[in-house]
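Only one structure is covered here, and it is reproduced in the block below.
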Amino acid sequence: MLNHVKIKTTDELEFAVFCIENIAIKLGKNAEEIYQALTEKSDILNSYIIPEYEILHTQSKDYIVDDIISLMEERGALL
5 MLNHVKIKTT DELEFAVFCI ENIAIKLGKN AEEIYQALTE KSDILNSYII PEYEILHTQS
65 KDYIVDDIIS LMEERGALL
């Protein structure tokens, strides 16, 4: 499993918000529900999204959203 990393820069924070908002749109949920799924139900935010920021932020929006949703499914955090 990847290391748990906290958000350190505004770029990482903006990317986290981007991910949360776009996943919420794709799933038809509100951003708060997605945030809870990525932090409280799975810790995907600090164990995947932030540690892999340098790679993920270079991908397309659709790739990022689909990749994180797949991970949410694997970890039982999909709403």
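Following the numbering used here, the numbering of the sequence shown begins with 5 at its first residue and continues without gaps. Just so you know, even glycine gets a beta-carbon here, dropped at the ideal spot from N, CA and C. Everything numeric in this text was worked out from a predicted model, so none of it was measured.
For residue i and residue j, I'd like the C-alpha separation in whole angstroms.
| i | j | result |
| --- | --- | --- |
| GLU18 | GLU36 | 16 Å |
| LEU75 | ALA81 | 8 Å |
| PHE22 | ALA28 | 10 Å |
Using a Cβ-Cβ cutoff of less than 6 Å, which residues in the same chain neighbour residue i once the five nearest sequence positions on both sides are dropped?
| i | result |
| --- | --- |
| THR43 | LEU49 |
| ILE38 | ILE24, ILE27 and ALA28 |
Mind reading off the beta-carbon distance from residue i to residue j? Whole number of angstroms is fine, and I expect it under 8 Å.
| i | j | result |
| --- | --- | --- |
| LYS30 | ILE73 | 7 Å |
Residue range of the alpha helix (DSSP H) that residue i falls in?
| i | result |
| --- | --- |
| ALA28 | 14–31 |
| LEU60 | 57–60 |
| ASP66 | 65–78 |
| TYR39 | 35–43 |
Among residues of its own chain, excluding the 5 on either side of residue i, which ones have a beta-carbon nearer than 8 Å to its beta-carbon?
| i | result |
| --- | --- |
| ILE53 | PHE19, ALA20, CYS23, LEU42, LEU60 and ILE72 |
Can you find the residues in the same chain that come closer than 7 Å, C-beta to C-beta, to residue i, ignoring five residues on each side of it along the sequence?
| i | result |
| --- | --- |
| ARG79 | SER46 and ILE48 |
| LYS33 | LEU83 |
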